[in-house]
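S.K.:
Residue numbers (our numbering), protein chains in the order written: chain A, 132 to 679; chain B, 132 to 679.
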């Protein structure tokens with residue numbers, strides 16, 4: 132594993148002339164080699180210019196050829212899985228099995244988009260044929276399809292070093308649609324970012340594509356990212372990260388002389404509503420499932436269930452006690468960065484000290500003692516904490532009245548913590564649902580009887596989330612055609628889209644129509660003969676037939 | 132025709148307690164009765180609250196029932212066509228035949244969306260079936276479809292008192308998708324706005340729908356519009372109008388605590404490229420067609436061709452001379468408002484006086500003398516101009532060198548004026564195309580040979596416009612399934628959408644997915660039995676078949 136620590140600008144490696152930074156091992160806080168050189172403004176500019184140069188050619192090659200690129204990247208990731216996983220383990224402390232799964236998820240994502248391109252109908256071709264005899268005016272021939280936007284900037288996420296990072300979903304969907312991509316690597320895992328980027332760079336070269344199709348820029352500050360979002364040749368942005376960073380970048384995108392689409396996934400508390408029948412029938416399984424879900428990946432999933440509403444019922448106490456027991460018995464977790472650990476410690480300490488939680492004798496804050504002791508530790512993002520970025524899981528309890536009075540209880544706490552809200556069913560649950568901000572997911576546990584009785588709750592939640600889950604847990608986002616990983620603001624900056632699943636390709640496209648063009652000057656997707664045999668809407672009817 | 136001059140808040144008429152304003156007759160500048168009462172902040176707030184209350188019910192009724200509403204509105208408009216046309220003639224001075232056509236266009240738009248709802252497949256239903264035996268983890272059942280956003284605010288346009296106004300495309304598409312609508316009427320034609328709104332109000336009542344499905348607010352200032360875009364319960368905005376107003380509202384939408392989608396159509400200069408073969412073969416027909424297109428509707432179309440590029444060729448002089456002749460022979464035109472006339476007079480005077488046009492002896496500014504004399508006239512938006520809002524058509528000429536040096540030559544001049552740019556072919560045309568900002572349309576006139584030789588020009592234009600036209604004129608926007616009336620900023624605020632044609636429905640929707648829900652709790656579109664017989668993507672394959 133030979134890491135250069137240099138940004139990748141098209142086919143070239145950037146010189147080592149930026150300020151340098153390192154990754155840290157979350158287990159012991161140790162600095163990892165090599166040093167990574169932050170991209171200079173000139174390097175960011177060059178990457179965008181190369182991307183803009185590549186756009187015309189890349190956007191016009193047949194979808195099947197872009198599929199070849201995606202499959203080549205997928206194969207490259209699988210070939211390099213061992214290197215990717217070992218470096219990712221060092222940089223993230225995520226378990227080996229999880230990271231091995233993430234490599235496969237990442238390559239499968241690329242293959243899913245390749246399939247979409249090979250099938251070809253995703254462009255949504257529509258043809259309205261001419262009618263020269265129509266009165267009062269002849270009807271022109273109009274044909275439309277989706278076309279790519281131009282250079283897309285992707286910000287890698289901290290919590291998925293592969294699947295939401297350099298070769299992750301945003302990159303895969305942007306490339307699939309025909310957009311060159313410039314990735315700003317997340318500074319917490321630059322090594323695995325470089326390894327993935329080398330795979331893409333090699334695939335671009337082997338496919339004979341213009342070098343500007345892909346670049347990777349390093350930076351552990353904000354300079355490179357801001358410059359990219361401001362760059363006049365950048366046409367869209369994909370981002371996964373914190374609300375503060377995402378909103379700042381979104382505001383920059385919106386205040387450009389020419390605003391551009393900004394697809395940011397900013398986080399979510401993912402409410403879970405447990406209805407009376409479910410609590411009665413399977414409180415023990417629910418407690419165990421919920422504990423598994425909120426501690427999975429050290430609670431660093433955007434779909435982590437962060438607030439759980441239970442009705443007043445005899446089993447509510449047992450359910451809470453079981454969650455308390457499981458939380459106290461949880462192993463130590465390592466968070467991704469010193470900054471995340473600091474934020475987690477501070478948010479959980481604040482919550483533990485909160486009047487609305489502490490004042491109720493019957494509610495317990497479940498966490499081992501040592502967590503408290505560590506809360507005043509260093510925590511600056513320097514990685515010099517001898518014990519690494521370790522924390523304990525925490526479980527908080529409150530009741531509906533207190534919850535409704537404290538809007539901060541609905542805020543996301545990134546890490547292995549959750550909040551149980553007692554006496555929250557029926558009208559109270561509905562009131563909560565109606566007051567919710569946007570979330571990525573909303574979950575309901577119930578019997579089918581419960582579900583019928585709570586139709587209004589389901590309707591209210593539908594307006595607040597991109598994915599509704601019945602009798603499941605929100606962690607684990609299936610990569611498939613129907614997945615919606617999105618949701619109203621502030622879960623995402625554009626609730627009209629998904630960042631996971633094949634529908635993610637639509638973000639980086641725009642419809643274009645061609646009026647009166649001769650057959651041979653139209654894209655194949657819109658030619659009479661339908662050479663790609665795709666599904667098209669012809670005069671309002673969807674068919675694979677050619678026009679005769 | 133009994134006009135009340137009062138805003139319509141759901142089923143109620145607002146009291147006459149706001150400040151009042153009047154429409155003016157563009158022909159003579161005369162004030163038209165009655166007075167219209169501007170909506171108070173309380174009325175705006177009530178309209179939004181009623182819309183939010185109506186959302187849950189309206190968003191859940193079957194699409195076929197929303198189609199009944201749209202067909203009822205269409206029938207109501209047709210029944211009231213005579214009243215609508217006579218009031219619109221008074222308020223806009225547009226010709227009777229054009230307005231009669233616009234009523235039909237408006238009702239046909241509503242019927243097109245009704246057809247889309249009746250067919251039902253527009254929701255893009257996708258189903259990925261569960262696989263409980265999948266390793267390493269079971270695959271859940273995931274089903275997604277498009278759902279409406281919530282209350283939508285629509286700003287009526289000045290230049291289409293019907294088709295882009297109260298019952299126009301934005302309203303039709305927003306209602307079709309299941310969103311309640313609050314229209315802010317354009318103050319230039321409040322009378323025809325009220326008449327159209329009464330039709331919608333009556334249809335909502337007759338269909339037994341919640342009153343909040345539709346409201347109409349009057350205001351000749353900015354207060355009501357700004358309050359609506361800021362309102363926390365408003366979830367999206369449709370706007371057609373000037374760049375200044377559109378950008379201001381867009382910035383408000385983007386700077387909300389929860390930013391919302393803002394679909395603004397802000398204007399466009401609609402470049403026309405005439406290639407050598409076409410100029411040689413049919414310069415006379417091109418001149419006549421172009422003159423018809425840039426003066427149609429007094430040049431007040433967002434698709435008016437405002438800059439025309441011709442190659443250096445023997446016929447270029449004859450083509451320009453013919454355009455000069457036709458322009459000088461044009462009748463007087465009445466612009467919609469005193470403000471539009473003032474802006475037109477000022478922009479054309481500035482252009483006529485421009486060094487780059489005046490300094491070339493061989494280029495002529497074609498306009499009758501009287502236009503010049505009227506340029507210093509009053510023009511404040513008070514309508515007290517004795518001669519109404521009349522202007523003359525104008526035709527400017529310059530050459531490629533001058534054009535490239537003066538970026539203001541590419542700006543839109545709203546009204547019957549255009550700019551011919553000489554010696555603009557081959558590399559020069561390509562350079563222009565690459566430098567263009569976003570436009571609604573880009574037109575190419577050529578032989579098929581021309582088209583093949585200029586493939587790079589077509590490719591460059593495709594990145595700059597929503598609609599490419601070959602051998603046609605951009606005015607006249609066909610309402611059909613394949614139409615794209617959109618384009619990159621600044622043509623619109625969201626180049627990823629269209630405001631005309633059935634694809635406009637997608638603007639006011641978001642995808643939602645349901646994981647693990649039992650059949651009877653799913654929307655009909657996602658049930659196994661496919662009770663609506665719509666096209667769905669099941670495990671990646673598109674079919675109308677039920678799941679067995």
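Glycine included, every Cβ here is placed at the ideal spot set by N, Cα and C. Since this is a predicted model, take the numbers as computed values, not measurements.
Quick one: using the 10 Å Cβ neighbour count with 16 as the cut-off for buried, is residue 164 of chain B buried or exposed?
M.R.: That one is exposed.
S.K.: What does the alpha-carbon distance come out to for the pair residue 318 of chain B and residue 351 of chain B?
M.R.: Rounded to whole angstroms, residue 318 of chain B to residue 351 of chain B spans 5 Å at the Cα level.
S.K.: Just checking: is the beta-carbon of residue 652 of chain B within a distance shorter than 9 Å of some beta-carbon in chain A?
M.R.: It does: the Cβ of residue 652 of chain B has a partner Cβ on chain A nearer than 9 Å.
S.K.: Within 10 Å of its beta-carbon, does residue 664 of chain A have 16 or more other beta-carbons around it, so buried, or fewer, so exposed?
M.R.: Its Cβ having fewer than 16 others within 10 Å, residue 664 of chain A is exposed.
S.K.: Just checking my contact of residue 433 of chain B with residue 395 of chain B at CB under 8 Å: how many whole Å lie between their CB atoms?
M.R.: No, residue 433 of chain B and residue 395 of chain B are not in contact; Cβ-Cβ is about 11 Å, not under 8 Å.
S.K.: I'd like to know if residue 583 of chain B contacts chain A, where contact means its C-beta is closer than 9 Å to some C-beta of that chain.
M.R.: By this cut-off, residue 583 of chain B is an interface position.
S.K.: From the beta carbon of residue 666 of chain A, is the nearest beta carbon of chain B less than 9 Å away?
M.R.: It does; some Cβ of chain B falls within 9 Å.
S.K.: Thinking C-alpha only, which one of B:650, B:639 and B:645 is nearest residue 368 of chain B?
M.R.: Nearest option by C-alpha distance: B:639.
S.K.: Pull up the CB-CB distance for residue 574 of chain B and residue 604 of chain B, whole angstroms please, since I reckon it's below 8 Å.
M.R.: At roughly 7 Å, the Cβ-Cβ gap stays under 8 Å, so residue 574 of chain B and residue 604 of chain B are in contact.
S.K.: Compute the beta-carbon to beta-carbon distance between residue 406 of chain A and residue 306 of chain A, rounded to the nearest angstrom, for a pair I have assumed lies under 8 Å.
M.R.: Not quite, the Cβ-Cβ distance comes to about 43 Å (not below 8 Å), so this is no contact.
S.K.: Going by alpha carbons, who is nearest to residue 346 of chain A out of A:232, A:300, A:138 and A:622?
M.R.: Ranking A:232, A:300, A:138 and A:622 by Cα distance to residue 346 of chain A puts A:138 first.
S.K.: Roughly how many angstroms separate the alpha carbons of residue 641 of chain A and residue 186 of chain A, rounded to a whole number?
M.R.: Near 15 Å, if we compare the C-alpha coordinates of residue 186 of chain A and residue 641 of chain A.
S.K.: Which one or two residues does DSSP pair with residue 220 of chain B in a beta bridge?
M.R.: None; residue 220 of chain B has no bridge partner.
S.K.: Given that residue 607 of chain A touches chain B, what residues does it touch there, using C-beta distances under 9 Å?
M.R.: Those within 9 Å of residue 607 of chain A in chain B are 268 and 271.
S.K.: Taking 9 Å as the CB-CB cut-off, is residue 410 of chain A touching chain B?
M.R.: Answer no: the Cβ-Cβ gap between residue 410 of chain A and chain B never drops below 9 Å.
S.K.: So residue 672 of chain A is in the beta strand (DSSP E); what residue range does that whole segment cover?
M.R.: That run of the beta strand (DSSP E) goes 672-674.
S.K.: Does the beta-carbon of residue 525 of chain A have 16 or more other beta-carbons within 10 angstroms, so that it is buried, or is it exposed?
M.R.: Looking at its Cβ environment, which holds 16 or more other Cβ atoms inside 10 Å, residue 525 of chain A is buried.
S.K.: What three-state label does DSSP hand residue 475 of chain A in the structure shown?
M.R.: Looking at residue 475 of chain A - three-state DSSP - the assignment turns out to be helix.
S.K.: Between the beta-carbon of residue 657 of chain B and the beta-carbon of residue 258 of chain B, is there less than 9 Å?
M.R.: Yes, these two residues count as a Cβ contact at 9 Å.
S.K.: With a threshold of 9 Å between beta-carbons, can residue 458 of chain A be considered close to chain B, or not?
M.R.: With 9 Å as the cut-off, residue 458 of chain A does not count as an interface residue toward chain B.
S.K.: Name the chain B residues whose beta carbon is nearer than 8 Å to that of residue 643 of chain A?
M.R.: Residues of chain B passing the Cβ test: 593, 596, 597, 598, 599 and 615.
S.K.: Mind the definition here: the region 286-296 of chain B touches the region 233-242 of chain B only if three or more C-beta pairs lie below 8 Å; say whether that holds.
M.R.: Contact between the region 286-296 of chain B and the region 233-242 of chain B is present, because at least three Cβ pairs lie under 8 Å.
S.K.: Taking only three categories from DSSP, how would you classify residue 346 of chain A?
M.R.: It is a strand residue.
S.K.: Strictly below 8 Å CB to CB, what residues from chain B border residue 258 of chain A?
M.R.: Going along chain B in sequence order, the residues near residue 258 of chain A (Cβ under 8 Å) are 613.
S.K.: Are the CB atoms of residue 348 of chain A and residue 174 of chain A nearer to each other than 9 Å?
M.R.: Yes, these two residues count as a Cβ contact at 9 Å.
S.K.: Beta strand (DSSP E) containing residue 277 of chain A: first to last residue?
M.R.: Start and end: 273-279.
S.K.: For a test of the three-state rule: what should DSSP assign to residue 139 of chain A, helix, strand or coil?
M.R.: Here residue 139 of chain A sits in strand by DSSP.
S.K.: Just curious, the alpha helix (DSSP H) that residue 566 of chain B is in, first and last residue?
M.R.: It spans 558-566 - the alpha helix (DSSP H) in which residue 566 of chain B sits, taken as one unbroken run.
S.K.: Which class does residue 581 of chain B belong to by DSSP, given the choice of helix, strand or coil?
M.R.: Residue 581 of chain B: helix per DSSP, three-state reduction.
S.K.: Please report the distance separating the alpha-carbon of residue 527 of chain B from that of residue 363 of chain B.
M.R.: Going from the Cα of residue 527 of chain B to the Cα of residue 363 of chain B covers about 47 Å.
S.K.: My parser needs the beta strand (DSSP E) runs of 3 or more residues fully inside the region 155-218 of chain B; what are they?
M.R.: Complete beta strand (DSSP E) runs here, min 3: 162-168.
S.K.: Below 8 Å, how does it come out for the region 326-342 of chain A and the region 192-211 of chain A: are there three or more Cβ pairs, yes or no?
M.R.: Touching, yes.
S.K.: Which two residues bound the contiguous beta strand (DSSP E) that contains residue 257 of chain B?
M.R.: Counting along the chain, the beta strand (DSSP E) containing residue 257 of chain B begins and ends at 257-259.
S.K.: Compare the C-alpha of residue 134 of chain B against each of B:141, B:150, B:154 and B:149 and name the closest.
M.R.: Answer by Cα proximity: B:154.
S.K.: Using 9 Å as the limit for Cβ to Cβ distance, is residue 602 of chain B near chain A?
M.R.: So yes, residue 602 of chain B belongs to the interface.
S.K.: Alpha carbon to alpha carbon, how far is residue 504 of chain B from residue 361 of chain A?
M.R.: Bear in mind that a pLDDT of 42 at residue 504 of chain B, under 50, signals an unreliable position, so the model cannot answer this.
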